[in-house]
Structures are given as C-alpha cells and as structure tokens.
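Q: My questions will all concern the structure given below.
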Amino acid sequence: MGKEAAGRFLLCFLAVSYFLVMLLSGGADRFLSGQYTITAILRIGVPDDEGTGIAGKVAELRPVREARYRTPEDAWKEFLEAYPGLESLRGARENPLPGYVEIRLRPERMSEEGIADVRSALTPVSQVEKILSGGDVMPSLLRMKRWANALLWSGFALVCAVFLVILAMQEKTRAARLVPDVSFLVDRGVPGDRIAARRTAGAFVAGGIVALVATLVSCAALFLVSGFFHFVRAVVGPAQDLLDARYLLPVCLFLLSATIFQGLASLAGWRAAFPREK
Amino acid sequence: MIEAFRVGAVSRGETLWEGLDLAAGDGEMWIVTGPPSCGKTLLLHILRGERRPDSGDVHVAGESLYRGSPEHNRRFRASSGVVPESLPAGQGRAVVDLFRLSAFAAGGVSTEEIKGRISELLPLVGLSGAEDVEVSSLSVSERARIALVVELFRSPRYLFLDRLLENAGKEWADRLGGLLRALAREDRTILMMERQLPDIWQAAKVPSPLSSGPFFLYRLGSPPGPERKREAEGPPLPAGPLSETTGGVE
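What follows is the structure in structure tokens.
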C-alpha cells in the first residue's frame with residue numbers, strides 16, 4: 002500500500018513538474034525569446050531623449066517584453082568590444098555609429114505575428130532608419146520552434162498516458178484485493194452503487210490530496226532549482242512567475258483533472274472488486 | 005419467518021436432496037446436522053437468498069426470496085448476519101477493521117459508537133482488547149468467535165451460522181450456546197449448520213419431523229406462547245451486558 006501510494010505520488014509529481022515547466026517555458030518559447038532581439042537602428046543625430054522615448058513607446062506594445070535604448074556611445078563601446086583595435090575609425094571625427102533600440106519579445110508572442118506587429122509599429126517612425134528582425138531565417142526558425150513545442154507537449158501527453166495506465170492497473174489490483182470486503186458487504190445487503198460511490202469519493206479525496214502535495218513539492222523544487230541554476234532560469238523562466246494570476250487557472254485545472262482522473266480510475270476498477278453473481 | 009417449501013438442490017449433476025421443508029419462526033433456533041459434503045453450506049446459501057434452489061422456494065415474511073422483488077431479497081440480507089464456515093485470514097487486517105466493515109454495512113454508526121460496541125462485544129467471546137490484533141494471527145476458534153460478534157455488531161434479526169460451534173471448540177460451546185439462546189429470546193431467528201448435534205443440546209435429541217434427505221433438523225429455540233415465557237425466565241444468561249449488546253444499531 003505504501004509503495005503504491007509512493008509510486009502514484011512520484012508519477013503525479015513527474016506529470017505536474019512537466020506541466021509546470023511547459024507552462025512557464027512555453028516549450029522552446031522562453032529560450033528563443035531570450036536569445037532573439039529585434040533591433041531598431043535610429044538615424045544618426047537622433048537625440049538621446051527621443052531614443053529613450055521611442056524605446057518607452059515600443060515597450061508598451063503587446064508582444065514586447067523589454068525595449069532598451071542604447072546611445073551612440075554605448076554602441077561604440079560594444080563595437081570596440083567586438084572588434085578591438087579599430088579605435089582609429091573614430092579619430093577626431095564624431096562617433097560614426099547611431100543609437101539603437103534593442104527589443105525582446107514575450108515568450109508567448111514569439112511568432113511571425115508578434116514580429117510583424119513590432120515592425121509595423123516602428124516602420125512609420127521617422128527616426129528609425131532600419132529594423133533588423135532576423136530576415137528570411139526567421140520563418141524557418143519559428144517553424145522549428147513550433148515542431149519542438151509540439152514534440153515537448155507530446156512528451157507531456159505520453160507522461161499523462163503512462164500515469165493513467167499505471168493508475169488504472171493500480172486500481173484494478175486494489176479492487177481485486179477488496180473482493181473479500183465487497184463480498185462481505187454485498188452478502189449483507191449493501192447496494193453495489195453505495196459501495197462504488199463511497200470508494201469513488203474516497204479515491205477523489207485521496208487523489209486530490211496526492212495531486213495537491215505533488216504540485217506544492219514540484220513548485221518548491223522549481224523555486225529551488227531556478228534559484229541555483231541560471232540555465233534553468235533562461236530556459237524555463239523564473240519560478241516566481243508561477244505566482245502570476247494567469248498561471249493560476251491552468252494549474253488549478255490540471256489539479257482538478259488529476260483528481261477527477263484518479264476518481265474515475267477508481268470507478269472504472271471497482272467492478273473487479275465485485276464477486277460474480279451466484 | 006423463514007419458510008422453505010419443497011426445496012431441492014443439484015450439485016455436479018447429482019441431486020443432493022429434494023423436498024426439504026422448514027419453517028423457522030421469530031425467536032426460534034434451528035440446527036441442521038448432516039455428514040460432511042451433504043450440502044449444509046449450500047442449504048444455508050439457499051435459505052439466505054444467495055443461491056436459487058433447483059426446486060422449491062424460500063419465503064421470508066410471506067414473500068419469495070427468489071421470485072419476489074430483488075429489493076426484498078436485499079432487505080432480508082441486510083437484516084441477517086452470517087458466520088461462514090471459514091473466515092478469511094485477511095492479511096494485514098486487524099479485528100477492528102472487520103467491525104468497521106460491519107459498521108459500514110449497518111450504515112450511520114459513529115466512530116465512538118463503534119468503539120463502545122466493540123468494547124461490549126469482545127468480552128462476550130473472551131477476546132477483550134483484541135481489536136488491534138491481526139486476524140491472520142488468530143486461531144480458528146478465535147476467528148469463529150470474532151466472526152460472530154462482528155455480525156452481532158449489526159444486531160441482525162436472522163443469524164445463519166455455519167459450523168460455528170465446531171470451529172469455536174468444545175470449551176466455548178456452552179457459553180456460545182447460552183448466548184445464542186438469549187438472542188433467540190430477543191426474537192431473533194437462528195439457523196445453525198453443524199456436522200452433529202453438540203453435546204450441550206443432546207437433550208433435544210428428537211429431530212423435527214421436517215428432517216429430510218441427509219439432514220436432521222432440530223428446533224432448539226424458545227417455543228412460542230407461555231412456554232417460551234417460562235423458558236425465558238429459566239436458564240441463566242452468559243456473562244456480559246447481553247441485552248445492551250444485542251440491541252441498538254440497526
């Protein structure tokens with residue numbers, strides 16, 4: 002019984018952890034949005050306050066997670082870091098590089114539509130000279146991202162399927178163990194539906210507790226791991242995001258489904274507990 | 005009242021018996037004796053409404069258990085208790101678990117009430133404080149006695165006992181006999197299946213004219229009318245608060 006409960010908890014923990022990771026990361030979305038930037042190069046001579054203003058406006062766009070204005074001086078420093086020894090290019094003349102706005106998209110808006118929204122918002126701005134958004138590579142990159150996401154969600158579906166199969170097997174074994182008890186009750190005139198209802202209610206409550214504990218442990222593990230490893234934060238995202246209201250509903254729905262499935266598995270297995278009609 | 009009319013049973017293509025009549029009224033105690041494998045347990049199942057007879061019928065309170073409504077059959081089973089010939093060992097099961105199961109069958113019994121009734125019932129069969137003992141560690145006699153009090157927990161109106169006295173052992177026959185007579189006096193109908201009439205009831209050696217085939221039927225319970233009243237005042241009850249124990253949870 003203890004092994005059975007531990008096995009069920011572990012499976013539930015695995016499924017809920019997978020779900021939370023997918024929820025936070027959006028599959029490959031988080032990683033890709035961390036790597037990918039849209040760069041809006043401003044015309045030479047655009048004042049810093051205008052550049053900052055443009056960055057502020059861009060940050061208000063729906064698909065944008067972050068927009069930062071880089072002054073021509075910042076651009077020059079970055080250039081020298083990348084290509085040391087070319088200080089002579091500047092000479093006595095003014096900084097030959099313009100300022101620019103570096104834009105990062107939200108993971109869930111990491112799509113052709115999201116990029117197009119930002120581009121169409123920046124194109125009419127007279128201070129913007131050029132928009133760099135990945136060009137022709139992006140459509141194939143985004144297609145690959147969709148495939149990767151589909152693969153990852155399929156993995157989740159597989160984990161859920163394994164969970165359900167093991168759950169059903171456990172319930173059947175459990176029901177077979179209960180045959181003497183059920184025979185006792187049926188022989189004493191207890192209606193079968195009353196036994197089944199009681200058993201299902203018990204499984205529902207126990208399943209809910211297992212799912213809740215597994216979720217709490219999984220959340221704690223995510224907080225711990227993402228606190229320690231930068232890589233996890235970059236790929237999965239900060240665990241603090243789980244406290245965001247928009248993640249609350251999916252988590253609650255998942256908990257409810259896990260609970261309902263455990264109740265249903267018990268209901269499906271209850272027939273095995275009944276003695277054959279004499 | 006349980007009435008069997010011309011009941012017959014066939015097992016493995018052979019007729020075990022046929023034309024058996026029996027009428028067990030309220031407050032009556034009957035013992036059916038017969039050699040091994042003659043179908044005593046089968047008769048018990050038939051009288052309990054668990055196995056349709058191959059001929060004849062069984063009526064309870066005037067309605068057939070097999071041709072009447074399934075609800076009537078279920079109600080009858082709910083109001084009857086049965087001690088089987090062998091109580092499953094139930095690995096990992098404590099005695100209290102059996103009482104809990106019985107409480108579930110009775111319905112609406114609080115945890116406190118379960119505890120209280122266990123502490124009243126176990127001393128009746130010499131097993132005080134055995135509630136946490138594993139069933140698998142009990143002897144055959146102890147299991148038989150536990151099975152009896154687990155049934156008494158629900159205070160059944162009808163009791164079917166399959167080789168209870170034989171399993172409980174000679175040293176318990178007197179005490180259990182007294183307990184059963186007292187239960188019969190509370191208007192319960194008791195049907196016992198034994199290989200032979202226990203010594204304690206040798207006085208009632210005259211079998212009923214209803215005896216049929218391999219069986220001898222003995223009526224041992226309180227006779228109806230004034231005779232019964234006299235008997236009720238007669239023999240002493242076994243130790244323990246019997247009237248409290250056998251009344252109540254129904």
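For the record, the sequence lines run as chains A and B.
For the first sequence, this note's numbering assigns the number 2 to the initial residue and increments by one for each residue that follows.
For the second sequence, this note's numbering assigns the number 5 to the initial residue and increments by one for each residue that follows.
Backbone N, C-alpha and C fix where the C-beta goes; we use that ideal spot for every residue, glycine too.
Please read all numbers here as calculations on a predicted model, not as lab measurements.
Is the shortest distance between the beta-carbon of G190 of chain A and the beta-carbons of chain B less than 8 angstroms?
A: Yes, because at least one Cβ of chain B sits closer than 8 angstroms to the Cβ of G190 of chain A.
Q: Give a yes or no on contact between the segment 2 to 22 of chain A and the segment 198 to 216 of chain A, applying the rule of three or more CB pairs nearer than 8 angstroms.
A: Yes, the segment 2 to 22 of chain A touches the segment 198 to 216 of chain A.
Q: Counting only C-beta atoms, is D182 of chain A closer than 8 angstroms to chain B at any point?
A: Yes - at least one Cβ of chain B is within 8 angstroms of the one on D182 of chain A.
Q: Which residues mark the beginning and the end of the beta strand (DSSP E) in which I194 of chain B is found?
A: Taken as a continuous stretch (DSSP letters only), the beta strand (DSSP E) holding I194 of chain B covers 193 to 198.
Q: Tell me, to the nearest whole angstrom, how far the beta carbon of L152 of chain B is from that of V87 of chain B; I am working on the premise that it is less than 8 angstroms.
A: 5 angstroms between Cβ atoms; contact.
Q: Give me the subset of the segment 95 to 108 of chain B whose CB atoms are less than 7 angstroms from a CB atom of chain A, sorted by chain position.
A: The segment 95 to 108 of chain B vs chain A, Cβ under 7 angstroms: L105, F108.
Q: Select from B:R185, B:L169, B:A65 the residue whose C-alpha is nearest the C-alpha of R81 of chain B.
A: Residue B:A65 is the option with its Cα nearest to R81 of chain B.
Q: Check for me: the beta strand (DSSP E) holding D25 of chain B runs from which residue to which?
A: Run containing D25 of chain B: 18 to 28, per the beta strand (DSSP E) assignment.
Q: Might you give, ordered along the chain, the residues of its own chain that have their beta carbon closer than 8 angstroms to the beta carbon of C220 of chain A, omitting 5 neighbours on each side?
A: Cβ within range, chain order: L21, A240, L243.
Q: Which residues in chain B have a C-beta closer than 8 angstroms to the C-beta of L186 of chain A? List them in chain order.
A: Within chain B, the residues near L186 of chain A are L105, F108, A109.
Q: Measure the alpha-carbon distance for G190 of chain A versus S83 of chain B and round it to whole angstroms.
A: Taking the straight line from one Cα to the other gives about 8 angstroms.
Q: Quick one: give me the first and last residue of the beta strand (DSSP E) that L221 of chain B is part of.
A: Start and end: 220 to 223.
Q: Should Y84 of chain A be labelled buried (16 or more other beta-carbon atoms within 10 Å of its own) or exposed?
A: When all chains shown are included, Y84 of chain A counts as exposed.
Q: Pick helix, strand or coil for G60 of chain B, following the three-state DSSP scheme.
A: Reduced to three states, the DSSP call for G60 of chain B is strand.
Q: Using a Cβ cut-off of 8 angstroms (strictly closer), state whether V2 of chain B contacts chain A.
A: This structure cannot speak to residue 2 of chain B, because chain B is shown only from 5 to 254.
Q: Look up F9 of chain B in the DSSP assignment and give the residues it is bridged to.
A: For F9 of chain B, which the question treats as bridged, DSSP gives the partners B:D61.
Q: Using C-beta distances below 8 angstroms, list every residue in its chain close to W205 of chain B, excluding the 5 sequence neighbours before and after it, in chain order.
A: Only I35, G181, Y222, L224 meet the Cβ criterion.
Q: On the three-state DSSP scale, how would you describe A215 of chain A?
A: Here A215 of chain A sits in helix by DSSP.
Q: With DSSP collapsed to three states, give me the class of S145 of chain B.
A: Three-state DSSP puts S145 of chain B in a helix.
Q: Cβ closer than 8 angstroms: which chain A residues qualify as neighbours of A82 of chain B?
A: The contacting residues are R189, G190, V191.
Q: Going straight from the alpha carbon of T124 of chain A to that of L90 of chain A, what length do you get?
A: Rounded to the nearest angstrom, the two C-alpha atoms are 30 angstroms apart.
Q: Which chain A residues are close to R79 of chain B, counting only those with a beta carbon under 8 angstroms from its beta carbon?
A: Within 8 angstroms Cβ-Cβ: G190.
Q: Out of curiosity, what's the CA-to-CA distance linking L62 of chain A and L43 of chain A?
A: One C-alpha to the other measures close to 18 angstroms.
Q: If we define contact as Cβ-Cβ less than 8 angstroms, is V86 of chain B a contact residue for chain A?
A: So yes, V86 of chain B belongs to the interface.
Q: Quick one: give me the first and last residue of the alpha helix (DSSP H) that M33 of chain B is part of.
A: Looking at the DSSP string, M33 of chain B is not in any alpha helix (DSSP H); the run it does join, the beta strand (DSSP E), is 33 to 37.
Q: Compute the Euclidean distance between the alpha carbons of P57 of chain B and M197 of chain B, then round it to the nearest angstrom.
A: Between P57 of chain B and M197 of chain B, the C-alpha separation is close to 17 angstroms.
Q: Across which residues does DSSP place G85 of chain B in a beta bridge pair?
A: Per DSSP, B:L163.
Q: With DSSP as the reference, label L87 of chain A as helix, strand or coil.
A: In this structure, L87 of chain A counts as coil in the three-state DSSP scheme.
Q: What residues match up with R69 of chain A in a beta bridge as DSSP calls it?
A: Answer is A:E103, bridged to R69 of chain A.
Q: Which residues share a DSSP beta bridge with I132 of chain A?
A: Per DSSP, A:A41.
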